[in-house]
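First the structure, in the form of structure tokens, and then the observations on it.
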Amino acid sequence: MTPKGRAGDFRPGVTSGRATFQMEYLMDYETRLQRLENQLARVERYASRSFWQALDKAYEKILPNLELNCIICSFSGYRDKYKVMSSQCQFGGGRLERYQCPKCEAIFGPQKYLDLDDEIVDLDYQILYSRYKESDSTNSEFKTFRSLSPQKNELFLNWGCGEWCQTIPRLRDDGFDVWGFEPSLAQSDGYIVKSRSEISAKFDGIFSNNVIEHFRDPIGQFREFRNLLKPGGRMAHSSPCYNYSYDFTRFHTLFLLGKSPYVLAERTGFVAEKVVEEGEYINVLFRVAG
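Rendered as structure tokens:
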């Protein structure tokens, strides 16, 4: 026989107290975790803005006496030989000063970003993509891929496809042999590789969307594409940055205005065959020369 009050008072009280303690502990844990995340975000903002502010101070003194080299045609001259454009980075990267080449019309910069080591740039992108996800561009990627007039017995590479890419699985479901390259991946996954060393095949076509504006060495990059393509291979690179658009981010280092796409092609063994423009969607088709 259970003593009066034992089952009705004591045991429920213990259970209730334990549950209350667990809930309070979990709430306290979640609060502390949120505080740590907020503090990490503050430290990240402080470190990033301090770095770019210090770099801006240094470049204020450096730029007036620095000879600038166009990353498309190699025109060389001091700052006063270029048209100078300035804006602010929405990602905390400070002042963005870019230069329009008087010879090929390309806009390049900021110089402070072009001068960074690849390792620092890679870390900068890792931080960006840990906090920011680009909008779904699958439809534009599809359009760019289709502009190559692809055949199902051909091999294609989506350059800078993004780890969230839906284009590759959908195209493969349609019977196209499409692979991807994305250096920001934690590790290679399925048909998308992280490292350039993992690419050994020769491709019939290479395509990208919203990638070409990120090139810091477009001549070197196009020569690499040339080595990845079969004879007669073709490329399609779409971006709104064939105009001077989306200038508010340090990650955009190249705007291929005017005749600069044709100069880039000629210097790297390509022919720029066609330009397709539909509002912000601009796509330039290239083919291996010869």
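Each residue of the sequence shown is one higher than the one before, starting from 2 at the first, in my numbering. Idealized CB from N, CA, C, for every residue including glycine.
Query	Result
Could you pull out every unbroken beta strand (DSSP E) segment of at least 3 residues lying fully inside the region 121-150, listed in chain order?	none
Going by the beta-carbon positions, is the gap between ILE283 and MET236 smaller than 8 Å?	no
In or out: PRO65 buried (at least 16 other Cβ within 10 Å) or exposed?	exposed
Mind checking TRP180: buried by the 16 CB within 10 Å criterion, or exposed?	buried
Grab me the residues of PHE109's own chain with a C-beta within less than 8 Å of its C-beta, minus the 5 sequence neighbours each way, in chain order.	CYS71, ILE72, ILE73, ARG99, TYR100, CYS102, LEU115, THR254, LEU255, PHE256
Go through its chain and collect everything with a Cβ distance to ARG80's Cβ below 8 Å, but skip five positions before and after it.	LEU64, PRO65, LEU67, LEU69, TYR100
Here's the rule I'm using: 16 or more other beta-carbon atoms within 10 Å means buried, otherwise exposed. How should LYS275 be labelled?	exposed
What three-state label does DSSP hand GLU31 in the structure shown?	helix
Which class does GLY1 belong to by DSSP, given the choice of helix, strand or coil?	A question about residue 1 goes unanswered here, because the residues of the chain that appear run from 2 up to 291.
Determine the direct distance from the alpha carbon of GLU199 to that of PHE182, and round the result to whole angstroms.	9 Å
When the distance is taken between beta carbons, is VAL285 closer than 8 Å to HIS215?	no
Tell whether a beta-carbon distance below 8 Å holds between SER1 and ILE220.	Because residue 1 is not part of the residues shown, which for the chain are 2 to 291, the question remains open.
Answer yes or no: does any C-beta atom of chain B fall closer than 8 Å to that of TRP53?	In the displayed structure, chain B is absent; only one protein chain is listed.
So the candidates are VAL264, GLU281, PRO232; which of them puts its Cα closest to the Cα of ALA290?	PRO232
How should THR168 be labelled, buried or exposed, when 16 other C-beta atoms within 10 angstroms of its C-beta is the threshold for buried?	buried
Are the beta-carbon atoms of SER209 and GLY270 separated by less than 8 Å?	no
Does DSSP put TRP165 in a helix, a strand or coil?	coil
Rounding to the nearest angstrom, what Cα-Cα distance links LYS84 and ASP218 in this structure?	20 Å
Would you kindly work out how many angstroms separate the C-alpha atoms of THR32 and LEU41, rounded to a whole number?	14 Å
Is it the case that the Cβ atoms of PHE249 and CYS105 are separated by a distance below 8 Å?	no
Helix, strand or coil, according to DSSP, for LYS62 in the structure here?	helix
With respect to the alpha helix (DSSP H) encompassing PRO262, which residues constitute its N-terminal and C-terminal limits?	261-268
Tell me whether ARG99 sits in a helix, a strand or coil according to DSSP, three-state version.	strand
Hey, could you find the ends of the alpha helix (DSSP H) GLN112 is sitting in?	112-115
Taking C-beta to C-beta, are GLY234 and PHE204 nearer than 8 Å?	yes
For HIS238, write down the residues that DSSP places opposite it in a beta bridge.	SER209, VAL285
Excluding the five sequence neighbours on either side, which residues of its own chain have a C-beta within less than 8 Å of the C-beta of LYS5, listed in chain order?	Note on LYS5: pLDDT 44, under 50, position unreliable in the model; the coordinate value appears next. Cβ neighbours of LYS5 beyond the five flanking positions: none.
First and last residue of the beta strand (DSSP E) that includes ASN159?	156-160
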